[in-house]
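Enquirer:
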Amino acid sequence: MKQAALLPILLLPFLAWAAPPPGSVNEDTVRQIAAQLRCVVCQNLSVADSPSEMANQMRGIIRERLKAGETPEQVIVYFVDKYGEWILLSPRPQGFNLLVWVLPFAGIAVGLVAITLMARRWSRRAAAQPVAETIDPATRERIRREMAELEP
Amino acid sequence: MNSQAVGAAPPAAESRLWRRGKWAIPLSVVPLLVLLAYGFRTDPRAIPSPLVGRPAAPFSVTLFDGGRLSLLDLRGKVVVLNFWASWCYPACYEEAPVLERGWRAYKERGVVVLGVDIQDTEEAARKFLKQFALSFPNGPDPTGKISVDYGVYGVPETFFIDKTGRIRKKHVGAVTEEVFTREVERLLRDGG
């Protein structure tokens, strides 16, 4: 009797997990949005990763706005509206911000071109050099002598 | 034998481009240094609020003394909206007496100081109010909604709102007597 009464209670978490009540919010979506936002009290953590109370409250606000029918983009726009672009962990690729996105690739491209040019010049120079006799007669003579000594 | 080819390679044919461009390598570090010098000297916390000049977001708050106060009810008054917390030491402790004095000096002239306590426990907050004998309206923001609506990222932060309900100034850090008087006088002067 006692066990029978306990069963629904034990099952409750699983039921809740299996069938979210209508009008509920997908926690993955909340997390996805929170991951794009900077936790305002800890600077370099996202709202998704920060254990702070403020981040917790911000997640609550995200949840609530989604529940009210806003799209993820609208939720992000709301935070940008209040905090400015600063709240976004990665700056939007537009205007001056584009520099941040383009510059690293531009740098890599310039570096590759420079390396190619230099490598070409070096290999050309090496090829142009005549294969010089680099052993002087004295050394040659000494090698010959020492080799002869080694032989029985 | 052929003594000319021995040892030294022919003089390295340094290209003109290379000879002329050599100095550009150390020089290319300069923009980077300038960028770093600039970056390290700016305060990462000094973020301009996009809210200055915009209408203050309406909210209502349940006060610690039981009443309820809506920002909309304060239209026509200059509002000094202060976000604080009892754990915010020392800045909030420094400015509390300033705010209280300001409130007493200006409340008859159409100025309201309104405190919003964020991320705090009620017990600690009440102790703080008692410690400084704060008599201006004060209430908690348990969901953080007011804080986010005002783009608050730390305490203390103070917003000076004019009579038409527009945010005119955001002050980060403890409010001093000088800041309080200057901003309040400015807002009292304009717009009758």
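From first to last, the protein sequence lines stand for chains A and B. My numbering puts the first sequence at residues 107 to 258. My numbering puts the second sequence at residues -8 to 183. Backbone N, C-alpha and C fix where the C-beta goes; we use that ideal spot for every residue, glycine too. All values derive from a computational prediction rather than experimental measurement.
#1: Can you find a C-beta in chain A that's less than 8 Å from the C-beta of B:Val139?
#2: What are the boundary residues of the alpha helix (DSSP H) that includes B:Phe31?
#3: Against chain B, does A:Ile182 count as a neighbour if the rule is that its beta carbon must be under 8 Å from one of theirs?
#4: By the three-class DSSP mapping on this structure, what secondary structure does A:Met253 have?
#5: Enumerated in chain order, which unbroken segments of the beta strand (DSSP E) with a length of 3 residues or greater are wholly contained in the stretch 44 to 99 of chain B?
#6: When you compare the CB positions of B:Gly189 and B:Ala15, do they come within less than 8 Å of one another, or not?
#7: For the beta strand (DSSP E) containing A:Phe202, list its first residue and its last residue.
#8: Give the single residue among B:Lys160, B:Glu86, B:Val170 and B:Arg177 whose Cα lies nearest to the Cα of B:Arg45.
#9: For B:Phe55, tell me which candidate among B:Ala96, B:Arg95, B:Ala115 and B:Leu27 has the shortest Cα-Cα distance.
#10: Any idea if A:Thr245 is buried or exposed, counting beta-carbon neighbours within 10 angstroms, 16 or more meaning buried?
#11: For B:Glu176, count neighbouring Cβ atoms within 10 angstroms of its own Cβ and tell me buried if that reaches 16, exposed if not.
#12: One question on the structure: do A:Val147 and B:Tyr144 come within less than 8 Å of each other, judged by their Cβ atoms?
#13: Given that B:Ile38 touches chain A, what residues does it touch there, using C-beta distances under 7 Å?
#14: Express the C-alpha separation of B:Lys154 and B:Lys63 in angstroms, rounding to a whole number.
#15: Kindly say whether A:Gln163, judged by its beta-carbon, lies nearer than 8 Å to any beta-carbon of chain B.
#16: Mind listing the chain B neighbours of A:Arg167? Cutoff is C-beta to C-beta under 7 Å, in chain order.
#17: What's the C-alpha gap between B:Pro17 and A:Val206?
#18: Is B:Glu148 buried or exposed, if buried means 16 or more other CB atoms sit within 10 Å of its CB?
#19: Between the stretch 126 to 145 of chain A and the stretch 180 to 200 of chain A, are three or more C-beta pairs nearer than 8 Å?
#20: Please report the Cβ distance between A:Glu159 and B:Gln110, rounded to the nearest whole angstrom; I am assuming they are in contact, meaning their Cβ atoms lie under 8 Å.
Expert: In terms of the structure at hand:
#1: yes
#2: For B:Phe31, the enclosing alpha helix (DSSP H) begins and ends at Val20 to Arg32.
#3: Closer than 8 Å: no.
#4: helix
#5: Fully enclosed beta strand (DSSP E) runs of 3 or longer: 51 to 53, 59 to 61 and 69 to 75.
#6: Nothing about residue 189 of chain B can be read from this structure; chain B reaches only from -8 to 183.
#7: Per DSSP, A:Phe202 belongs to no beta strand (DSSP E) and is neither H nor E.
#8: B:Lys160
#9: Selected option, being the one with the closest Cα: B:Ala115.
#10: The residue in question, A:Thr245, is exposed, as its Cβ has fewer than 16 Cβ neighbours within 10 Å.
#11: exposed
#12: yes
#13: Gly190 and Trp192
#14: The sequence shown places Leu at residue 63 of chain B, rather than the Lys named in the question. One alpha carbon belongs to B:Leu63, the other to B:Lys154, and they sit about 11 Å apart.
#15: yes
#16: According to the sequence as given, residue 167 of chain A is Ile; it is not Arg. In chain order: Gly135, Lys136 and Val139.
#17: 23 Å
#18: buried
#19: yes
#20: 5 Å
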